[in-house]
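Residue numbers (the working numbering): 31 to 672. Note that CB positions come from ideal geometry on N, CA and C, so glycine has one too. Following: one structure in structure tokens, then a few remarks.
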């Protein structure tokens, strides 16, 4: 008997020990192993975190004119996890019943909360779960339909037919509209609706510098509850390259809940204010940009170009004052980006033609191989030696170096390049910045294509702008070398980073890449390029009354992409110029691709040069440039007495 009792006692003790061991192991698991996971789960039950998006920094021009800015918006979200949960929405029905009682307004917040909780319990015990959900949905629709501008049937369909659990009911509501709607929801006590705070980017001049400024998009992130949250990110242009400075740091507001999972009214919880991003100041002048855009649009309409670009640059700093490409797009609408998003100014590569002759002329002058008055025999229109054949568009005999540029002689340019020699010529090509990216703070830049094949035919053609390819931005940089006295400047688009209080956080200084030619050679080149704009030159239509203008035309046949060779009657025409010639305030490059007009001959001097002339005249006024020459009086028309 005693032995049986002892045995049973041992079994009972073993069971108790085993049970207590399992319980201890579970306690150890909860306290040590699963502690963080369970704490996070409990936090989700009793807390809700509302993101407070950081205001994205503005983009402004050199005169602090706003180019891009953000404003806060909110989206009303449907949360079906709550909207279809009778335990949650019962509180909304309870609030609706309690708030119409005569003594409701006289109760304090704690008494109101107790009454709502009591009514909530009655509703849960009185009505079926389905009835509670449907009554609350009808109540919510009645509250929200008018503020949202919808019919009740339409609003119900929007909610019931969407299969998602968390989706927007009204997107991107402005702050004042969202605040009124938020107050309506809170005052009515309805449940199952949530708010997402975000930002909307707005561009005051949406078609100006669109390829350069760029735009933002949305990236979906998940909050601590696993719900999708939109995040504004830069995806194109300056918006993308300066993302780390513009973006700022989001804040948050934490809402506490009671044991039933209801937000505690009047409890603000914890708060971390958002930190706004920095403002990015560009080198752009939006006044100059507007002039460029208008003149380029007029040129596209008049000459029927397929594509085009204009780059205006401060030659002393490398700062880009304006950059426009065609076709372009609206930054606010962003339609047909695949067709219009190509930035011709820094992504297009084309054979430049005669604008490239500055390399041979400047190199020969810099090496003291020629002077501006050195005469060169141009073989009356055709030069042939072995496999090399260089044609001219007009038969010329003897021309000075200045005359070679003025008349745009291919033969004269080749003979100057030949004096330099192949290796030295291609060294100057690269010194002028061709064949490599300029390093501007924009993505997608092309480096062009320059290669010294060692072939004498390629060398001869390169001397007058064929057998290589460039971008309009590279041409602007190269002409800035001549304009500023011989230095290649790194093109600059960002001028400074500025805090919201106006403090300048960082300034981007002009950057000299290297010296290309001596100041004296640059001065001689400017004087020679002035001859081009005279009546005897190829670009008299680029002249601006009252100002000395220097520049060079370019007309290049379009390469045939199917089978090689060139297309008949199809050209890329250009003009690169500077003004005033003695001390240029700006360099401007105009490139129009494949003009279809039959009103004028399709040359750089007849199409691109007049675009420069009209644009430069307006830029002189906008930039307050003092005239360098007497302005001829405008004849006054006299009426006849009859």
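- For the pair residue 265 and residue 621, the Cα-to-Cα distance works out to about 27 angstroms.
- With a contact defined as Cβ atoms closer than 8 angstroms, residue 431 and residue 558 qualify at about 7 angstroms.
- Judged by DSSP in its simplified three-state form, residue 577 adopts strand.
- Three or more Cβ pairs drawn from the segment 581-593 and the segment 628-646 lie within less than 8 angstroms of each other, which places the two stretches in contact.
- Setting aside the 5 residues that flank it on each side, residue 112 is surrounded in the same chain by 118, 221 and 222, each with a C-beta closer than 6 angstroms to its C-beta; the list follows chain order.
- Residue environment analysis places residue 138 among the exposed positions, since fewer than 16 neighbouring C-beta atoms fall within 10 angstroms of its C-beta.
- The distance from the Cβ of residue 313 to that of residue 522 is about 5 angstroms, consistent with a contact at the 8 angstroms cut-off.
- Going by beta carbons, residue 225 and residue 106 fall inside the 8 angstroms limit.
- Secondary structure within the segment 367-405: the alpha helix (DSSP H) runs of 4 or more consecutive residues, fully enclosed, are 367-370, 374-377 and 388-396 (chain order).
- Within the same chain, 577, 579 and 646 come within 6 angstroms of residue 609 by CB-CB distance, once the 5 residues on both sides are set aside.
- Taking a cut-off of 8 angstroms for Cβ pairs, the segment 142-153 and the segment 123-134 touch, as three or more such pairs fall below it.
- Residue 543 is positioned such that its CB atom lies no closer than 8 angstroms to that of residue 619.
- In terms of CA proximity to residue 509, 463 leads the group 316, 335, 440 and 463.
- Following the DSSP letters along the chain, one finds residue 599 inside the beta strand (DSSP E) bounded by residues 596-609.
- Residue 407 counts as exposed, since fewer than 16 other beta carbons sit within 10 angstroms of its beta carbon.
- Around the beta carbon of residue 243, 16 or more other beta carbons lie within 10 angstroms, which makes this residue buried.
- Rounded to whole angstroms, the Cβ separation of residue 380 and residue 499 is 6 angstroms, and the two are in contact under 8 angstroms.
- Each of 143, 318 and 323 was checked against the Cα of residue 350, and the nearest Cα belongs to 318.
- Distance between residue 277 and residue 531, taken at the CA atoms: about 17 angstroms.
- For the pair residue 573 and residue 562, the CB atoms are not nearer than the 8 angstroms cut-off.
- In the DSSP annotation of this structure, the continuous segment of the beta strand (DSSP E) that includes residue 430 starts and ends at 428-430.
- According to DSSP, residue 457 shares a beta bridge with no other residue.
- For residue 209, the secondary structure class from DSSP, reduced to helix, strand or coil, is helix.
- A check of alpha carbon separations from residue 261 across 418, 365, 81 and 414 identifies 81 as the nearest.
- Pairing residue 468 with residue 429 gives a Cβ-Cβ distance that is not under 8 angstroms.
- A buried status is given to residue 377, since no fewer than 16 other beta-carbon atoms sit within 10 Å of its beta-carbon.
- Residue 649 counts as buried, since at least 16 other C-beta atoms from the protein chains shown sit within 10 angstroms of its C-beta.
- By DSSP's assignment, residue 203 forms a beta bridge with 104.
- Going by DSSP, residue 413 is part of the beta strand (DSSP E) stretching over 412-415.
- With respect to the 8 angstroms criterion, residue 189 and residue 120 are not classified as neighbours on the basis of their beta carbons.
- Per DSSP, the continuous beta strand (DSSP E) segment holding residue 229 begins and ends at 223-232.
- The Cβ atoms of residue 444 and residue 493 sit closer than 8 angstroms to each other.
- Annotation for residue 339: 355, 374, 375, 502 and 621 place their beta carbon closer than 6 angstroms to its own, counting only its chain and skipping 5 residues before and after.
- For residue 419, the enclosing beta strand (DSSP E) has its first and last residue at 418-421.
- Among the bridge pairs identified by DSSP, residue 99 is matched with 232.
- In the displayed model, residue 621 falls within a strand according to three-state DSSP.
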